[in-house]
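As structure tokens, the structure follows; a few thoughts come after it.
Number of protein chains: 2
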Amino acid sequence: MSELRWDPLKRHWVIIAADRGRRPNDFFVEPKPTPMTSCPFCYGNEDKAPREIFAIRPSGPPDSPNWRVRVIPNKYPVLRVEGELKSRGHGLYDVMNGIGAHEIIIETPDHEKGMADLSVDELVDVLTAYRARLLDLRQDLRLRYMVLFKNYGVRAGASLSHSHSQLIAVPLVPPMTVTELHACREFFDVKGRCFMCDIIEFELRAGERIVREFPDYVVLAPFASCLPFELRLYPRFHSHEFSLLEDGQLAGLAVAMKDMLLRLREVLKNPAYNFIIHTAPSLLPRPGRPDFWSSIEYDFHWHIELVPRITEIAGFEWGSGFHINSVPPEDAAAFLRGVSL
Amino acid sequence: MSELRWDPLKRHWVIIAADRGRRPNDFFVEPKPTPMTSCPFCYGNEDKAPREIFAIRPSGPPDSPNWRVRVIPNKYPVLRVEGELKSRGHGLYDVMNGIGAHEIIIETPDHEKGMADLSVDELVDVLTAYRARLLDLRQDLRLRYMVLFKNYGVRAGASLSHSHSQLIAVPLVPPMTVTELHACREFFDVKGRCFMCDIIEFELRAGERIVREFPDYVVLAPFASCLPFELRLYPRFHSHEFSLLEDGQLAGLAVAMKDMLLRLREVLKNPAYNFIIHTAPSLLPRPGRPDFWSSIEYDFHWHIELVPRITEIAGFEWGSGFHINSVPPEDAAAFLRGVSL
């Protein structure tokens, strides 16, 4: 079973996924595209993958073809649902057992389509699946946070080429989320306003980092972008939790996402990228000690972070925590705005 | 000029290196090994590189051949020495001008040798150059910290293949260093002992994560390793600042480093890697507000962090701050211990 280990010097948790126990030689295998015949995410190969958790299909039984979007457990999960959440000290360290969930959202039955190729309606299906899984997993009180992300391309960590996203539910609020939640809460405590609503307003007024405005969403290059062509997609209305979006709000989001992905593909020639949905921790009341985050609906604002993976994270960045970005976000936004779709 | 920009949500500084102002097409160039004839780090090509700052050579004037180790400014520096350190607010953000230094330590005149190929005497020369540059740069009171690191291999961010390390001096203590300094100080405040001395003792007793013990140094796989085969090299004696090492202490360090690099090369078949020297901030007294870190000699303990770059940092890690490591450090240490040199 995997375990989470606490580093008391770096002050963060690391997931040691011993289930995957790899030998040195396993790292020398060059990743290559999966052929369609053996792809576990393709129509007709449903039996090559674990049984589905969720699917959008017009008709037919679970695990049959003709689905539009399909969610399955990861065959090699980083964290597992089975078991009780326990933690213990270990000398100077701490250990927690690896409770969580690890799911794959197969975005399309089409082996050749990238996410940017999906129609707005197809993207709405994907977003609907995201929402359904987030709403379901928040029922499990052991899980404190759901990280919904996508790795596209080998350089971004994708091991299968068929278009998919992933959801990892973790028993702790992740460190980066904690930092953002604190920043937002402290701002709200002092000013009575959502920090990110202020940032969005500031950026819309400044204009130079805006890639594209939509009625309900905005895509921009953040002022302190860590990586070249890094982007954020924000809802312009205040909303703390992605999973509470209504159907009508998903369509506008799909339009904005498709536009963002197409512009990026055009300017950077189909780059590898990661995106991550940053949302508030689940709000269901829990037994025991009240949750510090239980009133976060006022001060957090969900958003999507997108990072193209066209440069390496080198020793300086890894060892210091400072990032070096050789493309000012104002330039990145101008290049992306310049694309005619 | 570069600038540092503060992200008030992620709460960190990013270096926007606008001097390097790259266009999208610049990212599509495949890196390839520099041929020896045009390599600016080779004998006889000294005029292709900036003028040297420091060198170890038996005889001859600066910028002539016959050096053993040579330090030059980076031709494309991330931060520059010229100018006054200033910071200002910018709406919701903060900006600081990019004052610092960016130097290259050319570890050997031999174009084909990797650091692991250097003799112990040659490695002592490299470490002597590190120390000399750290001692010199600490005289500049604008610089708060020196990040000494190495990128080996394209996957680790190296752009030139000739063996070299880098030193970036920054006007702020880096966020990861701040976290470690705080952890060490709080431990010392409560217990009156150095945290890392305790960790080293605990690990030596446990044994299972030790790769190799030397009289004055130890190489181990950290309990909460973020990446497969991650390593730490610690001095077994208490020492907070790398640059205060005496000549006799450099030789033992060179032996330990060579052993560590050779084992890694053997087990992972010459992997790309980064290493970073984590040391205490410079202790020279500064004018103005007393420095929080000015008594850090008791509670910090310098060490070298080494991370092989054989896996990608994917969306989950980037967006959450949790790392997933598929090789438990106990296994990594056993593989590395098993190498016969």
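Read top to bottom, the protein sequences are chains A and B.
Residues 1 to 341 in this note's numbering are what the first sequence lists, from first letter to last.
Residues 342 to 682 in this note's numbering are what the second sequence lists, from first letter to last.
Quick reminder that beta carbons are idealized off the backbone N, C-alpha and C, glycines included.
Being a predicted model, the structure only gives us computed values, none of them experimental.
Span of the alpha helix (DSSP H) around residue i
i, result
"PHE187(A)", "175-191"
"SER320(A)", "315-320"
"PRO670(B)", "670-678"
"VAL596(B)", "588-609"
"GLU201(A)", "195-206"
"TYR471(B)", "461-478"
Selected residue, minimal CA-CA separation from residue i, among the options
i, options, result
"TYR614(B)", "GLY455(B), PHE543(B) and ARG526(B)", "GLY455(B)"
"ILE551(B)", "GLY533(B), PHE570(B) and PHE536(B)", "PHE570(B)"
"ASP63(A)", "ALA156(A), ALA333(A) and PRO109(A)", "PRO109(A)"
"GLY593(B)", "ASP557(B), ALA675(B) and ASP388(B)", "ASP557(B)"
"GLU112(A)", "LEU92(A), SER159(A), LEU79(A) and MET36(A)", "MET36(A)"
"LYS258(A)", "ASP121(A), ALA224(A) and ALA101(A)", "ASP121(A)"
"ILE104(A)", "ALA129(A), GLU201(A) and LEU227(A)", "ALA129(A)"
"PRO576(B)", "GLY548(B), LEU605(B), LEU602(B) and PHE641(B)", "PHE641(B)"
"PRO649(B)", "TRP318(A), SER87(A) and ASP7(A)", "TRP318(A)"
"TYR76(A)", "LEU227(A), PRO8(A) and GLY100(A)", "GLY100(A)"
"ARG604(B)", "ARG678(B), LEU478(B) and ARG546(B)", "ARG678(B)"
"PHE369(B)", "ASN325(A), THR311(A) and GLY321(A)", "THR311(A)"
"MET1(A)", "LEU141(A), ARG11(A), SER159(A) and LEU79(A)", "LEU79(A)"
"VAL422(B)", "ARG483(B), ARG364(B), GLN590(B) and ARG474(B)", "ARG483(B)"
"LYS326(A)", "PRO365(B), LEU501(B), THR520(B) and ALA497(B)", "Checking the displayed sequence, the identity of residue 326(A) turns out to be Ser instead of Lys. Closest by alpha carbon: PRO365(B)."
"CYS538(B)", "TYR434(B), VAL511(B) and SER580(B)", "SER580(B)"
"PHE676(B)", "ARG22(A), VAL14(A) and ARG5(A)", "ARG22(A)"
"PRO516(B)", "LYS427(B), ARG346(B), TYR384(B) and TRP354(B)", "TRP354(B)"
"LEU350(B)", "ASP331(A), LEU250(A), SER225(A) and LEU135(A)", "SER225(A)"
"ILE200(A)", "ASP189(A), ARG212(A) and VAL190(A)", "ARG212(A)"
"SER428(B)", "GLY498(B), LEU475(B) and ARG346(B)", "ARG346(B)"
Same chain, Cβ closer than 8 Å to residue i, five either side skipped, listed in chain order
i, result
"PRO281(A)", "ARG144, TYR145, VAL173, THR177, LEU181, ASP291, TRP293 and ILE296"
"GLU607(B)", "VAL680 and LEU682"
"SER400(B)", "ASN407"
"LEU268(A)", "PHE229, PRO308 and ILE310"
Exposed unless 16 or more other CB atoms sit within 10 angstroms - verdict on residue i
i, result
"ASP588(B)", "exposed"
"SER419(A)", "For chain A, the structure presents residues 1 to 341; residue 419(A) sits outside this window and is missing."
"PRO685(B)", "Since the displayed chain B opens at 342 and closes at 682, residue 685(B) lies outside it and no answer follows."
"VAL467(B)", "buried"
"ARG131(A)", "buried"
"GLN139(A)", "exposed"
"ASN492(B)", "buried"
"PHE578(B)", "exposed"
"GLY83(A)", "exposed"
"GLU46(A)", "buried"
"GLY315(A)", "buried"
Paired residues, beta bridge with residue i - DSSP
i, result
"ILE53(A)", "Its beta-bridge partners do not exist; DSSP assigns none."
"VAL488(B)", "ILE509(B)"
"ARG5(A)", "VAL14(A) and VAL95(A)"
"ARG573(B)", "LEU561(B) and GLU646(B)"
"GLY430(B)", "ASP435(B)"
"ASN415(B)", "In DSSP, ASN415(B) forms no bridge with anything."
"ARG80(A)", "ILE99(A)"
"ASN615(B)", "ASN492(B) and VAL648(B)"
Beta-carbon proximity list for residue i, same chain, < 6 Å, skipping 5 on both sides
i, result
"ASP106(A)", "Asp is not the amino acid found at residue 106(A); the sequence shown has Ile there. Hits under 6 Å: PHE41, ARG70 and HIS164."
"GLU344(B)", "ILE357, VAL436, ASN438 and GLY439"
"ALA390(B)", "PRO381 and ILE413"
"GLY432(B)", "none"
"ILE56(A)", "ARG68, VAL69 and ASP125"
"PHE536(B)", "CYS525 and PHE528"
"LEU162(A)", "The sequence shown places His at residue 162(A), rather than the Leu named in the question. Cβ neighbours of HIS162(A) beyond the five flanking positions: CYS39, PHE41 and HIS111."
"TYR332(A)", "Correcting the residue type first, residue 332(A) is Ala in the shown sequence and not Tyr. Excluding residues within five positions, the ones whose Cβ falls inside 6 Å are ALA221 and PHE229."
Closer than 7 Å: residue i CB and nearest the ligand NAP heavy atom
i, result
"PRO569(B)", "As presented, the structure is devoid of all ligands, the ligand NAP included, so that no description of it is given."
Cutoff 7 Å; reference residue i; Cβ partners in own chain excluding five residues on either side
i, result
"TYR646(B)", "First, the amino acid is wrong: residue 646(B) is Glu here, not Tyr. Cβ neighbours of GLU646(B) beyond the five flanking positions: ARG573, PHE616, ILE617 and HIS619."
"GLU203(A)", "ARG209, ILE210 and LEU220"
"ALA254(A)", "VAL120, LEU123, VAL124 and LEU127"
"ILE53(A)", "VAL71, ILE72, PRO73 and GLU103"
"PHE214(A)", "GLY252, VAL255 and ALA256"
"TYR384(B)", "PRO406 and PRO450"
Boundaries (first-last residue) of the beta strand (DSSP E) holding residue i
i, result
"PHE28(A)", "No beta strand (DSSP E) holds PHE28(A); DSSP gives it neither H nor E."
"ARG212(A)", "210-213"
"ALA442(B)", "442-447"
"ILE310(A)", "Where ILE310(A) is concerned, there is no enclosing beta strand (DSSP E), given that its DSSP letter is neither H nor E."
"ILE665(B)", "664-666"
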